[in-house]
Structures are given as structure tokens and as C-alpha cells.
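Engineer: In mature numbering (1 follows the signal peptide of the UniProt record, and there is no 0), the protein residues as written are -16 to -1, 1 to 195.
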Ligand SMILES: *[C@@H]1O[C@H](CO)[C@@H](O)[C@H](O)[C@H]1NC(C)=O
Ligand SMILES: *[C@@H]1O[C@H](CO)[C@@H](O)[C@H](O)[C@H]1NC(C)=O
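1) Can residue 16 be considered in contact with ligand 1, in the sense that its beta carbon sits closer than 7 angstroms to one or more heavy atoms?
2) Do residue 131 and residue 78 have their C-beta atoms within less than 8 angstroms of each other?
3) Figure out for me which residue from 81, 47 and 68 has the closest Cα to the Cα of residue 101.
4) Alpha carbon to alpha carbon, what distance is there between residue 34 and residue 17?
5) Could you have a look at residue 18 and say whether DSSP puts it in helix, strand or coil?
6) If you draw a straight line from the C-alpha of residue 154 to the C-alpha of residue 3, how long is it?
7) May I have the straight-line CA-CA distance separating residue 40 from residue 6, to the nearest angstrom?
8) Beta-carbon within less than 6 angstroms of residue 25's beta-carbon, same chain only, minus the 5 sequence neighbours each way: which residues are those?
9) Within this structure, are the beta carbons of residue 128 and residue 150 separated by less than 8 angstroms?
10) To which residues of the same chain is residue 14 closer than 7 angstroms at the C-beta, ignoring the five residues directly before and after it?
11) For residue 44 versus residue 31, is the C-beta spacing smaller than 8 angstroms?
12) When you measure from the CB of residue 39 to every non-hydrogen atom of ligand 2, does any distance come out below 7 angstroms?
13) For residue 106, which residues does DSSP report across the bridge?
14) Ligand 1 and residue 85: does the residue's C-beta get closer than 7 angstroms to at least one heavy atom of that ligand?
15) Near residue 159, what residues of its chain come up, given a Cβ to Cβ distance below 6 angstroms and the 5 sequence neighbours on each side ignored?
16) Return the CA-CA distance between residue 69 and residue 38, expressed in angstroms with no decimal places.
17) Taking the beta strand (DSSP E) that residue 47 falls in, what are its first and last residues?
18) Ordered along the chain, which non-local residues of its own chain (more than five positions away) have a Cβ less than 6 angstroms from that of residue 12?
19) Could you name the residues whose beta carbon sits closer than 5 angstroms to any heavy atom belonging to ligand 2, keeping them in chain order?
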């Protein structure tokens, strides 16, 4: 019996969790079992929402799409957008998900003490579109967005797929920050939104110099 357990654990590590991420991945959502860095090229996955506002206890319909090709693994949570990514506001999943009845690809995972705080795959079949539902906490938690890891295959995955910001109804303030995510096996790494901010500020600097 012990050797059986050891073999199962070893296969789990080698295959990068074909049956879904371990709960130890809840916090930084990095798929360490894949034993490599995330992709940095343009992803062909997106997370879209049917609503751009939410109310306390209300729902948001979320779609996980491969705009080309397919994905065979996903890991999705809602996170709080914030004005300070170091203050802990963004650190854990908020709200809970439901998945379609009888779905053979998706499962709910408990993260940040919330049953259904994350959605993940439970098999590694090929998918192009899945629609899930997010239910907001009983009290609103400010601006949120959906953050996903999409796995094309064992070595090819993106950790920085984000939806647009979804605001509490009546929140007319500007969008807060979608915080950087881990992109490398051995460190934190940069992420695309920060690279865009640096690129934009470089362009603005160059333009303001009249070059
Ligand atoms: C991570 O670090 C280990 C140990 O230093 C090294 O062997 C491995 O090549 C590194 N992996 C990546 C993807 O950088
Ligand atoms: C962000 O939060 C950290 C941790 O609470 C704090 O040390 C830092 O001063 C904050 N930064 C800003 C700009 O408020």
C-alpha cells in the first residue's frame, strides 16, 4: 500500500498534475509540478466576463477561451485589484465558483478557506471554451478580476492570463492594479502588464523629449 502511494505521488510530480493542481498552489498559482518556466510569448487564451460590475452575493459569468489551439489544463481564481500589490489585498481567492452540472473536465477546489474558491481541470482533455459562474461574497470586496493559468501541454503554459477588472455596482473610480504574478520556476519573474507600463512610460518619455 505504501509503495502504491509513493508511485502515485511520483507520477503526479512528473506529469504536472494531470488531475488538477494541489491546494499548495492556491496562493501563487504557479504550477511547479511542470518543472519549467511559464511562457512569455503572446498567449492564445483569454478570460472574459459577461458583466463588468457585480453586487454583493451576485454572480458574474466567466468564459475561459482558447482563441486558437486548445488548453488541457486551467486554474482560475478571482482576486482583488488594489492600489498596492504589497499590502496583501490581492493575496487570496475571493468569492466562489460553480461549474456546469456533470462537467467532465472541470472541478472546484477549495482555496483561501473558500469551498469553490478556485476552478481547475480534473482531466487533461483538450478544450476551447468553458463557461463558469462566480458568486461574489456576501459583502462586496472592491474591484476584482479573474486570474488564470492555462496549460497547453506539460512544458507550455501561461500564468498571467487576466480578465478585465469587474467593479462593484456604482464604483465609478478608475481601474486599480492587476498585480504581477509568478512566471518562473525558480523565482517570481516579470509579468506582461508591468512590461507594458514600462514600454508606455518609455514611449511617453521619448515623445516628451520630442525625439
Ligand atoms: C531551477 O533551479 C534548479 C536548481 O538550481 C536548476 O537545476 C533548474 O535548471 C532551474 N530551472 C529553471 C527552469 O530555471
Ligand atoms: C504598500 O504596502 C506595504 C505593505 O503594507 C507598505 O509597506 C508600503 O508602504 C505600501 N506602499 C504604498 C505606496 O502605500
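We put the CB at the ideal spot given by N, CA and C, even for glycine.
Structural biologist: Based on what the coordinates show:
1) no
2) Remark: C-beta atoms of residue 131 and residue 78 do not approach each other more closely than 8 angstroms.
3) 81
4) 32 angstroms
5) Here residue 18 sits in helix by DSSP.
6) 40 angstroms
7) 29 angstroms
8) none
9) yes
10) 143 and 166
11) no
12) no
13) DSSP output for residue 106 lists no bridge partner at all.
14) no
15) 149
16) 22 angstroms
17) Bounds of the beta strand (DSSP E) holding residue 47 are 43 to 50.
18) Here residue 12 has 166 as same chain residues with Cβ atoms under 6 angstroms from its own Cβ, once five neighbours each way along the sequence are excluded.
19) 68, 70 and 71
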